[in-house]
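To convert a position in the sequence shown, counted from 1, into our numbering, add 1498.
Virtual Cβ for every residue (Gly too), placed ideally from N, Cα, C.
Here is the structure we will look at.
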Amino acid sequence: KGITCLTDRSIEAPGDLGWTLEYATAWLYRYLVSSATEVTDAIDTLRDLDDACLSPDFAYMFFDLLDDRIFAGKLRSAVHLRWRSMPSCLPGITSAPKVIPEVPRICIELNRTPFEDDAADIDDLLCAMIHHMIHAFLLVCCGAQPKDEKPDDRLMDGIHFGVIMMTIREITVNCVDGVLDLIFHASNRRMIQNDMFLTSPPLPMYPLDGMLLCVDPRGHGHTAMLHDGRTHCNHDNRHISRHQIQNWQVTEYSKALEADMAARGDKIWHFTDGETFEEFLRIHAPPSATYIELLYEDGTTADPKRIMAKRDKALKFKSLKEPLTTFLKFELAIPTCDIKTFRCIYDFINKDGYLATPMDQAAQYPITHGQGPPVLMLARDPRLKQLALINKDESAITHVKVFRAAESMKFEELMTRAIQQLYLLPVTGEDPIALLKAIYNIEPPSQSPLHSELHRWTRRFLYRCPGRLRTGTSSIADSLLHDRTLLPSNSAVSNMRKIKTRYPQQFRELLEQSGAFREDVELASAMMLRAQGGHGGGI
């Protein structure tokens, strides 16, 4: 089964865990140190096999054990393994997903040449495999780099790569047959190859007494590596010293672990059709560089679900940029809310806007906006049936919930959009008591202070009647709201008067439960008294 998985070119694994290079290195360093006995046992077990029977098939048999003991199983299903002929001093090539068109996951190509020449043994195979499994591990954890970025240790044999390789090497000191000779510097591999074949370095093409190389360039610079999504392990890395590798362990290790990116888990969710969450393993999802993670608690899992949202769109919001880039986690906690509210937040990030009902439903009913808070139409109002289609895609309660959630997230752009939507509603037939409870933190209960914009909107909502603040109302809604043949005796009654008349007990309870509501009722009453002369006693 393991061999079949490693050779199957149809398995797609373009995703990754979304870790930073620093964190991935520190995490594996900690894992290796705590699992040193298991690592040495695995190497001893594989070394017990007979060198005389060594063949390319051994790599497929070794892979799962090395993955489990050295790489914590992170490479499972993420790697396609194969052989090809290369220069003898090259251990192989690791490629990011889809760099090789027919391989839609990470591809490790081991060098067949030393094994064809019978010049290699099991230790050589182990060294080559571990070398490229380190690169594969970093790709699984961090994803492939964009081509416009400077190549880092995911594909280069740099400091982070060296920390992992040298840690494994030092652990194998305790193996029965001694240390596994993992070679970090490419120049040393070439030197060993020359020694094996008794090959002398080529003679210089210029006189030795006129040397042009007056300064050793190591540590002062090195040529840029080709960035093509593949490793180039013969690239000169002599500028990296053992001291630098040891220094990283001292100065960066603990700091890198603070990000705790492993807590994300191996799963991610996609939000489909406005109400369904579809679960994926991260390696089978899109690359982590393309999305942020919305942490949403829907009560169906022990930990909040991590839902993908488009990263490029999310980073356009100024108020989200800082929280998203903290520790480069690109995650955003969604406060406790119902699925409708979450959908609005999700749509606003992904679709540059939201409606109080799903996009596909709202498209069936053209939005008809008014100006000013909506006119309240109670359940027995005969105009509700005619206004149903006009107002189908709006919900004042949902907009209030979105505003409160955005306020908790400090998502300023969404707060602005939600309050704008509240002012653009022409009418509402929703339960006014439920609306007021949502505004004043009564249902669901909350200790958060009420935002001044909600105070202002609520006062205007209580004051609102068909004759006030109606400029800009759509022609259909306007004609229905002011059609005296439908409801002549109630044409200029304020929303507050309607609520007090229809829900007297609940209104009094709200006054007792919320001091903020009492204050807004008093201010709205004062506004109506000042306007009473022009609106004929409709308080």
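Report all residues from its chain with a CB closer than 6 Å to the CB of residue i; omit the five preceding and five following residues, and keep chain order.
i	result
Asp1542	Cys1673 and Val1674
Gln1859	Annotation note: pLDDT 45 at Gln1859 (below 50); position unreliable, no value reported.
Lys1670	The residue you asked about is not Lys; residue 1670 is Thr in the sequence shown. Contacts found: Ile1541, Val1677 and Leu1678.
Pro1702	Residue placement at Pro1702 is flagged as unreliable, the pLDDT there being 45, under the threshold of 50; a coordinate-derived value is accordingly withheld.
Pro1715	Caution is warranted here: a pLDDT of 47 is assigned to Pro1715, below 50, making its placement in the model unreliable, and the coordinate value is therefore given only provisionally. If we look at Pro1715 and ignore the five residues flanking it on each side, it has no Cβ neighbours.
Phe1828	Ile1790 and Leu1822
Ala1757	Tyr1521 and Phe1825
Leu1711	Here the model assigns Leu1711 a pLDDT of 39, short of 50, so the residue's position is not dependable, and the following value carries that caveat. Excluding sequence neighbours, Leu1711 sits near nothing in its chain.
Excluding the five sequence neighbours on either side, which residues of its own chain have a C-beta within less than 7 Å of the C-beta of residue i, listed in chain order?
i	result
Tyr1852	Cys1842, Asp1845 and Phe1846
Glu1564	At residue 1564 the sequence reads Leu, which differs from the Glu that was named. Correct list, in chain order: Ala1540, Met1627, Ile1628 and Met1631.
Thr1538	Ile1669, Thr1670, Asn1672 and Cys1673
Glu2020	none
Glu1777	Lys1765 and Trp1767
Val1661	Thr1523, Tyr1527, Ile1743, Trp1746 and Gln1747
Thr1788	Arg1809
Met1913	Phe1901, Ala1904 and Glu1905
Ala2022	Arg1957, Leu1960, Tyr1961 and Met1994
Leu1588	Asn1609, Cys1731 and Asn1732
Keeping to the same chain, check which residues put their C-beta closer than 8 Å to that of residue i; ignore five residues upstream and five downstream.
i	result
Ile1931	Ile1997, Tyr2001, Gln2004, Phe2005 and Leu2008
Ser1817	Lys1908, Phe1909, Glu1910 and Glu1911
His1741	none
Glu1928	Ser1893, Ala1894 and Ile1895
Arg1567	Ser1533, Glu1536, Val1537, Asp1539 and Ala1540
Gln2011	Tyr1938 and Ile1940
Ser1946	Arg1902, Glu1905, Ser1906 and Asn1939
Quick one, are the C-beta atoms of residue i and residue j less than 9 Å apart?
i	j	result
Leu1579	Leu1678	no
Leu1743	Ile1657	Reading off the sequence, residue 1743 comes out as Ile, not Leu. Their beta carbons are under 9 Å apart, which means Ile1743 touches Ile1657 by this criterion.
Thr1592	Arg1728	yes
Thr1518	Leu1830	no
Glu1791	Arg1804	yes
Lys1572	Pro1512	no
Asn1735	Met1654	yes
Val1601	Arg1667	no
Leu1680	Cys1625	yes
Thr2088	Asp2018	Coverage of the chain is limited to positions 1499 through 2037, which leaves residue 2088 absent and any answer about it impossible.
Ile1917	Leu1948	no
Cys1835	Ala1903	yes
Thr1849	Lys1899	Sequence inspection shows Lys at residue 1849; the Thr mentioned does not correspond to that position. Taking 9 Å as the Cβ cut-off, Lys1849 and Lys1899 do not qualify as a contacting pair.
Gly1500	Asp1562	yes
Ala1570	Tyr1529	yes
His1725	Pro1649	yes
Gln1869	Leu1933	no
Val1638	Ile1598	no
Glu1607	Arg1574	no
Glu1510	His1782	yes
Ala1557	Ser1586	no
Met1759	Pro1784	no
Who are residue i's beta bridge partners in DSSP?
i	result
Phe1769	Phe1775
Cys1605	His1578 and Ser1593
Thr1926	Leu1874
Ala1807	Ile1790
Glu1829	Glu1791
Arg1728	Ser1593
Is there at least one non-hydrogen atom of the ligand MG closer than 8 Å to the beta-carbon of residue i?
i	result
Leu1813	Although the ligand MG was asked about, the structure shown includes no ligands whatsoever.
Can you find at least 3 beta carbon pairs, one from the region 1740-1754 and one from the region 1513-1527, that sit closer than 8 Å?
yes
What residue ranges within the region 1501-1584 form continuous beta strand (DSSP E) runs of no fewer than 3 residues, ordered along the chain?
1577-1582
So, do the region 1610-1627 and the region 1547-1555 have three or more beta carbon pairs nearer to each other than 8 Å?
At 8 Å Cβ cutoff, the stretches touch.
Contact between the region 1508-1516 and the region 1764-1782 is defined here as three or more beta-carbon pairs at a separation below 8 Å; is this criterion met?
Segments in contact, yes.
Scan the region 1606-1659 and note each continuous beta strand (DSSP E) run of 3 residues or more that stays entirely inside, going in chain order.
none
I want to know whether the region 1641-1651 touches the region 1608-1615 - three or more CB-CB distances under 8 Å.
no
Please go through the region 1933-1963 and give each complete alpha helix (DSSP H) segment of 4 or more residues, from N-terminal end onward.
1950-1961
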